[in-house]
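Residue numbers (the UniProt record's numbering), protein chains in the order written: chain E, 1 to 778; chain P, 1 to 778. Every residue, glycine too, gets a C-beta built ideally from N, C-alpha and C. Scroll down for the structure; my scribbles are underneath it.
Number of protein chains: 2
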Amino acid sequence: MEDFNKLAETEATSIEKLTICEEHDPESNTINQPLLKSPPVLPVNPVAIVGAKVTHIESLDYEINENDLFKQDWRSRSEVEVLQYILSKWLLAFLVGLFTGITATLINFAVENIAGYKLLAVVKYIEQKRYLMGFIYMTGANFLLTMVAAVLCVCFAPTAAGPGIPEIKAYLNGVDTPNMFGATELIVKIIGSIGAVSAGLDLGKEGPLVHIGSCIASLLGQGGTDNYRFKWRWLRYFNNDRDRRDLITCGSSSGVCAAFRAPVGGVLFALEEVATWWRSALLWRTFFSTAVVVVVLRAFMDYCISGKCGLFGKGGLIMFDVSGVSVRYQVVDIIPVAVIGVIGGILGSLYNYLLHKVLQVYNVINNKGKLQKLLLSLSVSIFTSACLYGLPFLAKCRPCDPSTLNSSFPTAGRGGKFQQFNCPKGYYNDLATLLLTTNDDAVRNLFSINTSTEFTTFTLIIFFVLYYILGLITFGIAVPSGLFLPVILMGSAYGRLLGIIMGPYTRIDQGLYAVLGAASLMAGSMRMTVSLCVIFLELTNNLLLLPITMLVLLIAKTVGDCFNPSIYDIILELKGLPFLDANPEPWMRNIKVSELVEVKPAIVTLAGIERVGRIVELLKNTTHGGFPVVDEENGATELHGLVLRAHLILVLRKKWFLQEKRRSEEWEVREKFNAIDLAERGGKIEEEILTNDEMEMYVDLHPLTNTTPYTVVESMSVAKAMVLFRQVGLRHMLVLPKHQAARVSPVVGVLTRQDLRAHNILSAFPHLKNSHGNKKRH
Amino acid sequence: MEDFNKLAETEATSIEKLTICEEHDPESNTINQPLLKSPPVLPVNPVAIVGAKVTHIESLDYEINENDLFKQDWRSRSEVEVLQYILSKWLLAFLVGLFTGITATLINFAVENIAGYKLLAVVKYIEQKRYLMGFIYMTGANFLLTMVAAVLCVCFAPTAAGPGIPEIKAYLNGVDTPNMFGATELIVKIIGSIGAVSAGLDLGKEGPLVHIGSCIASLLGQGGTDNYRFKWRWLRYFNNDRDRRDLITCGSSSGVCAAFRAPVGGVLFALEEVATWWRSALLWRTFFSTAVVVVVLRAFMDYCISGKCGLFGKGGLIMFDVSGVSVRYQVVDIIPVAVIGVIGGILGSLYNYLLHKVLQVYNVINNKGKLQKLLLSLSVSIFTSACLYGLPFLAKCRPCDPSTLNSSFPTAGRGGKFQQFNCPKGYYNDLATLLLTTNDDAVRNLFSINTSTEFTTFTLIIFFVLYYILGLITFGIAVPSGLFLPVILMGSAYGRLLGIIMGPYTRIDQGLYAVLGAASLMAGSMRMTVSLCVIFLELTNNLLLLPITMLVLLIAKTVGDCFNPSIYDIILELKGLPFLDANPEPWMRNIKVSELVEVKPAIVTLAGIERVGRIVELLKNTTHGGFPVVDEENGATELHGLVLRAHLILVLRKKWFLQEKRRSEEWEVREKFNAIDLAERGGKIEEEILTNDEMEMYVDLHPLTNTTPYTVVESMSVAKAMVLFRQVGLRHMLVLPKHQAARVSPVVGVLTRQDLRAHNILSAFPHLKNSHGNKKRH
């Protein structure tokens, strides 16, 4: 251990930036810097947001801060105020559902109309055999739409690119990615999503809708944007991380609900995939939000059904209704179902693996500058347009089924719209039917029932390969992009292919194979089970599918887990978000917290009544989010608690200084600060200007100190400490010495999220990795 | 505070029994003793299990016990053993699903056949106009069946009475009700449930199935019953409370799944209602169990469909399939839906209130002796039989609908079986149709679609009132009884009644009103939302109902919550199970843990190397589950950790004593103990016999002590301490002094579950209640 200490000392400068610092500039550590060469101290992961620019990452604080001021605030709340608090929670949940529902409808409305009229024009050119004009029109329109989305994302809100789900997941785990839930992000995400989806790119609006829901929730919770805040007194109760966390959970489940019209699925998605902490009460409120979303969607559909909304119709909502189909299967059918699951799991984890590689390459490109980012997006758009338009020429014309001629030819019918494309009358081009349409309609076509001869094997193979490639290259570009739809597209093509191959041995319809294939690929890539199951249930509207869907999901997830983590975990890792897993790794039992503390730089503490100069110096020279406060009386030291950086900055800003070294009276503090001030965050030490006289004055930190931080004893194993840290949702965990008498300081260290991450510990203690049992215990 | 201390001293003897004692004889405190007259110390709640006999209640321990021995055990686990552990977890989940599925099918098979042949015989007597014989036959059969169930419950397994869900909920919260998950309980529950349900009592098999699933899980986890254990090496990994908790969660969700054939609903039920701690990994494994259950049920149904199982058919499984119905409703229909919800909530909470009163009366009767218990059950059986047989004579005969004559008359047809009863041919008795049938069929009749004229208002009123009364008087008797079905019966009758009243103003079918009514009453009584919603979804097989079901559930739950807690919480309270709520009450912020510690008797600690005599004395005179171990060196004291009572008893049993006062060597300990020994529980100090010589010897407690117990500082608020206690799942929480130097002891107290319960704190500090904000924050 001494070696570590020595090393730590020699690298003192870099340590200051790399250890518990939670606020630090990520742009300085791009992914190609050799940060991971097993540094001697616990490293902060490189932060390389895919196509995004962030300033710093901060941990959230779910601990009840028990300093004198907060306590007073709570005690002074009357019965009426508690009631206001509860009421406003419900009101906010209602508003989150309402606005998310309205926004989702608007997006659907815009996408269906823009993409619809675009495709109608293209089809017209083709009918007139003006193929080149058609190509130019389509490529141009897609180019422009992509440009709108990409320019917005690149220039105004880099964090709006991508799905946003990993960041939300990280937020709910306690990691605050900045500029994630602002008004700019919301607007860019909405417009960008409309542009990108209408442009026919291989991406969905599902992920962005989750982000949109969370943005709405966050903005509502703080009463508007940072600049124009609606000052409602009741909102002040929501000025803490715990309540904001709950609201954003509501928002994300509303988003999923709006994307799939799956209220229960939305709740479960938030529960299974997104949320880290969960309570029964939250389940209920989330459910309320999604119920509101469903009612809003329903109301708009009632309104639009009569054709008042252009090409909207029922579009974009009930995506793949197969409720009319009676599914017949027996216990024997478990075998083909298992095959779907196994192959789906393999394909899904392969997709994860490849996407990881592609994103690493994209990171390098995106980091080169805004122009490169933009060019990357636009080239993907052109490539996509070319493939979508060009490939159908490879397919042969097929005669329309005479028995269903009236209903299925050419643009309307069972399950979707058939495309005549370059074929004579009475014939259709099956590849064009899948490619020259919106993604939603493509899925609907693939899921259609009793259409076993409509799509040839050749077509499906081309479609699958094309969308596997598009799915890989599209995700990382700088536009809002969801992962759900690309995976569903690949999966349904794969399922249908498998259905054709297994046709002679099974009674399950090929449309259902497509559904199961989509489910298996999603489980293989995203590794969700219950929520996916319910989402598929609510999408397909067919309960008889439930048992086999469950089996497919379970098998695909199990197979996928053998190879690599879920796609969201991969993205979290890529973005360097310090996500804390639910379970400690087995080897964490073999290392004590004292060992972690030893490899960190020496702890810095503040005195109960501290000189202003020293506080400023500390704040400037360290990046710690909190400092232990130690009282010294008659030579004996005693831990008073932990004071947060934000509160220290607040003291400096308000210049609440004492001339002499004395304890302050309660009224003095209360005059200067209230609990709302304390809940504010994000002040910067650089902004505070103090005179030399002031630097020599004193601050009484006692009333601002959280006097009851959670502590652990230094002999505790990291596994056990992590249970506490993660379950209670801490930001700082104080480590106390085992032998009080022998130590000078009553506190030996402070552990944060970064210190407890498996990856970081392994970097500092590589021998743990090889000891044994590196697998997760489930 | 001093007054409290003085009072505490004067009542020293009773205090010893009443404070942190977690193991104590509940039969000595029946509910009619005046225990709740605000005693000066934190009281243990009176334990009065409804119709059950328990010996003592013990808290479970989810903390990672870090003593030298356990640590060694973990370190010595190889990669293979970790793999074994994971594999066996999945294998157990599979077996739990398999056995629960088989048991559920057996119960359904038995119930459908016994009740079916019984009713056929009764109908035959009625057809022959031998009404008295019919009555005697029916009452006699029901009497005998009830007797079997009641005798078994009273004599062999008192804990098998009732649904068992509250005890499971308490177990997963960390309270171990003894004799709950044994083989006797399992067998009695299975046979008793068959008897009670076949006897036509107003109770369901759903609750018991949850208990059965949990019993199966528990027995599998420990490798068989206490007497005949299957010694499989892999099972030793499951010898801790955490893994057992996970298994029982699996078991309970499998039970719900088997009861309703609702796999997702089962998982959600466990998540929302039963489980206290939840992890993503658990979600997945639970889901796997329920998937297995569904496959098993499906396989049996495939086998039985051709009539090989007597009257079984599809009976008892898909209870109310309305998948064929297309539901039409618009936004306007929210109004009648809201009415259903509001009234359902009121009726549900009224039911909770009345049931609470009835159970209190029953408690007094049940506590008088086994004979009284038995008589109570049998009188309820006779009363039920009389009502079911007698009341139909009040109803008028109604002509069968000629258009549906072929299909609906008399015993088979749309949605259920019509009864001719005392009517001439071509007529049916609508009340008999509902009463002279199994409960499942009655529900099916009420849920039937397009039968708006089949049941008169008069019939429905009688039915509703009868089942409201029966539901109240039946639940508390000494037979296995579920709450789901009685509530569904009441609720569906209420819903249909409301449907008739609202008929002119709505387009929703009366059968759907019945479904919604049932949902509203369940939400009003049991206060579940998402899980009920999914269960109803899976029951009715109709996704279009989802949005209105959600609204009804939300409204009914909200209304119900205004009046009283959920029925399970009421039963938990009645049984005196120290259930710990998820959220601390607001007023808990105004009290410090030091205040709680002060009203408790002085803390007893052990020295690191302790005399055997003192250990024996302590164990005999206190009932604490754990003791702090304090080392003293050169006058300074230091907390070494916490040693469990079970481990002390183990030391005494193994007679691991030292002649002189010295620290033991590591090999000495390891020779004598292994981790499996330490995981054992339930030894009694009275059983250990020691000689006087031995009493003078010493024990080195260091290697057996958990050196890293979770601790809090005495100035922490109770609210904050409770977050730690509840989130991490503690049994003992050590309270450290704020000012180390000023105190003699390094630990000022130990808090347990009982100390942190809101009710107990309020008894000791009545002024907190009136301060403000006594409501829960959601």
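| query | result |
| --- | --- |
| Helix, strand or coil at P/K118 according to DSSP, with G and I counted as helix | helix |
| E/Q727 at chain P interface by Cβ criterion, 8 angstroms | yes |
| Span of the alpha helix (DSSP H) around P/G195 | 183-198 |
| Residue from P/R130, P/I305, P/D243 whose Cα sits closest to the Cα of P/K89 | P/D243 |
| Counted within 10 angstroms of its Cβ, other Cβ atoms place E/V748 as buried (16 or more) or exposed | buried |
| Cβ of E/F536 within 8 angstroms of any chain P Cβ | no |
| Through-space distance from P/I649 to P/E696, alpha-carbon basis | 16 angstroms |
| Chain E residues whose Cβ lies nearer than 8 angstroms to that of P/C533 | V264, F287 |
| Proximal chain P residues relative to E/A93, where beta-carbon distance stays under 8 angstroms | Within 8 angstroms Cβ-Cβ: nothing; E/A93 doesn't reach chain P, min ~10 angstroms. |
| Residues, ordered as in the chain, of the segment 244-269 of chain P that lie near chain E by beta-carbon distance below 7 angstroms | P263, V264, V267 |
| Segment contact flag, the segment 57-68 of chain P with the segment 727-738 of chain P, C-beta cutoff 8 angstroms, min 3 pairs | yes |
| Within 9 angstroms of chain P by C-beta, residues of the segment 686-711 of chain E in sequence order | T707, T708, P709, Y710, T711 |
| Best match in P/A258, P/L152, P/T139 for proximity to P/F383 [C-alpha to C-alpha] | P/T139 |
| Under 9 angstroms from the C-beta of P/K368: neighbouring residues of chain E | Within 9 angstroms Cβ-Cβ: nothing; P/K368 doesn't reach chain E, min ~38 angstroms. |
| DSSP-derived helix/strand/coil call for E/R777 | With a pLDDT of 38 at E/R777, under the threshold of 50, the predicted position of this residue should be treated as unreliable, and no value is reported. |
| Per-residue contacts from P/R279 into chain E (C-beta, under 8 angstroms) | A582, N583 |
| 9 angstroms Cβ cut-off: residues of chain P touching E/R507 | None at all; the shortest Cβ gap to chain P is about 14 angstroms. |
| The segment 699-717 of chain P in contact with the segment 639-646 of chain P per 3-pair CB rule at 8 angstroms | yes |
| Buried or exposed by the 16-neighbour rule on C-beta atoms within 10 Å, applied to E/A758 | buried |
| Minimum length 4: unbroken alpha helix (DSSP H) runs contained in the segment 619-678 of chain P | 645-654, 666-672 |
| Segment limits, beta strand (DSSP E) that includes E/M733 | 732-736 |
| Collapsed DSSP secondary structure at P/E610 in the structure displayed | strand |
| Candidates E/A556, E/A258, E/G341, of which the one nearest E/L297 by Cα | E/A258 |
| Pick from E/F393, E/K575, E/N439 that is closest to E/F421, judged by C-alpha positions | E/F393 |
| Per-residue DSSP class, three states only, for P/G482 | strand |
| Within chain C, partners of E/P586 - CB distance below 7 angstroms | Absent here is chain C; the protein component of the structure consists of chains E and P. |
| Under 8 angstroms (Cβ pairs) to chain E, residues found in the segment 184-204 of chain P | none |
| Cβ pair count under 8 angstroms reaching 3, the segment 262-270 of chain E against the segment 502-517 of chain E | no |
| Amino acids of chain E, ordered along the chain, whose beta-carbon sits closer than 8 angstroms to that of P/V723 | I64, V728 |
| Limits of the unbroken beta strand (DSSP E) element including E/Y427 | 427-429 |
| DSSP-derived helix/strand/coil call for E/R245 | helix |
| Proximity to E/F725 [Cα-Cα], best of E/M147, E/S78, E/Y710, E/V479 | E/Y710 |
| Neighbourhood of P/V50 by C-beta, 8 angstroms cutoff - its chain only, sequence neighbours within 5 removed | Note that P/V50 scores 34 on pLDDT, short of 50, meaning its location in the model is unreliable; the coordinates nonetheless yield the value given after this. A161, G162, L359, Y362, N363, N366, G476, I571, L574, K575, listed in sequence order. |
| Spatial neighbours of P/F238 in its chain, beta-carbon cut-off 6 angstroms, leaving aside the 5 residues before and after | G221 |
| Proximal chain P residues relative to E/K720, where beta-carbon distance stays under 7 angstroms | I64, E66, T708 |
| Minimum Cβ-Cβ distance from P/S88 to chain E less than 8 angstroms | no |
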